[in-house]
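S.K.: One structure follows; several queries about it will come next.
In the numbering used here, the protein residues as written are 8 to 154.
Here it is in structure tokens:
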């Protein structure tokens with residue numbers, strides 16, 4: 008079963024939004040022209056306020072666009088499929104206390120913390136490697152505890 012992005016319930020908000028945008032642009036263009044000073048040199052430095060005066064207008068248009076999109080009622084496109092098979096629900100409990108940072112485990116030449124070793128073992132357990140098959144099809148959760 009497949010849903011469309013807009014199911015037709017509130018799509019009429021999009022043309023209304025387009026009309027609002029056109030009207031707003033027309034209305035803002037009706038404002039009077041500011042006085043242009045021809046005697047001010049263009050080489051004068053511009054302040055941060057002058058350089059960013061377009062930001063509020065852009066944010067307003069973006070807010071209007073997002074509001075109209077939300078009012079139109081988009082739906083996520085999902086495909087429903089049923090997967091049959093067997094699997095296990097496994098919870099991994101990981102100690103994250105300060106004692107896990109001790110560098111008391113050696114891996115050939117490099118000393119490693121207990122937490123780094125746990126990360127590697129969990130990665131090999133979940134994804135699999137030459138000695139473990141991995142946990143494809145199983146439900147996995149992780150619980151962390153420590154001080």
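Quick reminder that beta carbons are idealized off the backbone N, C-alpha and C, glycines included.
Taking DSSP as the reference, what is the three-state secondary structure of residue 148?
M.R.: Position 141 of the chain shown, counting from 1, holds the residue named residue 148. Three-state DSSP puts residue 148 in a strand.
S.K.: Which residues bound the beta strand (DSSP E) around residue 112?
M.R.: Start at 1 with the first residue of the chain shown, and residue 112 comes out as number 105. Residue 112 -> beta strand (DSSP E) spans 112-114.
S.K.: Given a cut-off of 7 Å on the beta-carbon distance, is the pair residue 148 and residue 91 in contact?
M.R.: Translated into the one-based positions of the chain shown, residue 148 becomes position 141. Translated into the one-based positions of the chain shown, residue 91 becomes position 84. No, the Cβ-Cβ distance between residue 148 and residue 91 is not below 7 Å.
S.K.: Any contact of the stretch 110-126 with the stretch 136-150, i.e. 3+ C-beta pairs under 8 Å?
M.R.: As far as the Cβ criterion goes, the stretch 110-126 does not touch the stretch 136-150, which means the pair count is below three.
S.K.: Could you check what DSSP says for residue 88 in three-state terms: helix, strand or coil?
M.R.: Stepping through the chain shown from its first residue, residue 88 is reached at position 81. Three-state result, residue 88: coil.
S.K.: According to DSSP, is residue 62 part of a helix, a strand, or is it coil?
M.R.: Stepping through the chain shown from its first residue, residue 62 is reached at position 55. Here residue 62 sits in helix by DSSP.
S.K.: Do residue 80 and residue 17 have their C-beta atoms closer together than 7 Å?
M.R.: One-based indexing of the chain shown puts residue 80 at position 73. One-based indexing of the chain shown puts residue 17 at position 10. Against a cut-off of 7 Å, the Cβ pair of residue 17 and residue 80 comes out as a contact.
S.K.: By how many angstroms is the C-alpha of residue 139 removed from the C-alpha of residue 125?
M.R.: Here residue 125 refers to the residue found at position 118 of the chain shown. Here residue 139 refers to the residue found at position 132 of the chain shown. When rounded, the distance between both Cα atoms is 15 Å.
S.K.: Start and end of the beta strand (DSSP E) containing residue 3?
M.R.: Residue 3 lies beyond the stretch modelled for the chain, which goes from 8 to 154, so this question has no answer here.
S.K.: If you measure between the beta carbons of residue 150 and residue 100, is that distance less than 7 Å?
M.R.: For the purposes of this step, residue 150 is identified with residue 143 of the chain shown, where counting begins at 1. For the purposes of this step, residue 100 is identified with residue 93 of the chain shown, where counting begins at 1. Yes, the pair counts as a contact, with Cβ atoms nearer than the cut-off.
S.K.: In this structure, how does DSSP classify residue 103 when only helix, strand and coil are distinguished?
M.R.: Position 96 of the chain shown, counted from the start, is the residue given in the question as residue 103. Correct three-state label for residue 103: coil.
S.K.: For residue 10, does the three-state DSSP call read helix, strand or coil?
M.R.: If you number the chain shown from 1, residue 10 lands on position 3. Its pLDDT being 49, under 50, residue 10 is placed unreliably by the model, and the measurement read from it follows with that caveat. The answer is coil: DSSP assigns residue 10 none of H, G, I, E or B.
S.K.: So, residue 103 versus residue 153, is the Cβ gap smaller than 7 Å?
M.R.: Taking the first residue of the chain shown as position 1, residue 103 is located at position 96. Taking the first residue of the chain shown as position 1, residue 153 is located at position 146. Yes.
S.K.: Between residue 95 and residue 24, how many whole angstroms is the CB-CB distance? I'm expecting something under 8 Å.
M.R.: For the purposes of this step, residue 95 is taken as residue 88 along the chain shown, with counting starting at 1. For the purposes of this step, residue 24 is taken as residue 17 along the chain shown, with counting starting at 1. Residue 95 to residue 24, Cβ: 50 Å. No contact.
S.K.: Can you pull the DSSP bridge partners for residue 96?
M.R.: Walking along the chain shown from the start, residue 96 turns up at place 89. Looking at the DSSP assignment, residue 96 forms a beta bridge with 146.
S.K.: Between which residues of its own chain and residue 78 is the CB-CB distance below 7 Å, once the five residues before and five after are set aside?
M.R.: Numbered from its first residue, the chain shown carries residue 78 at position 71. Excluding residues within five positions, the ones whose Cβ falls inside 7 Å are 17, 20.
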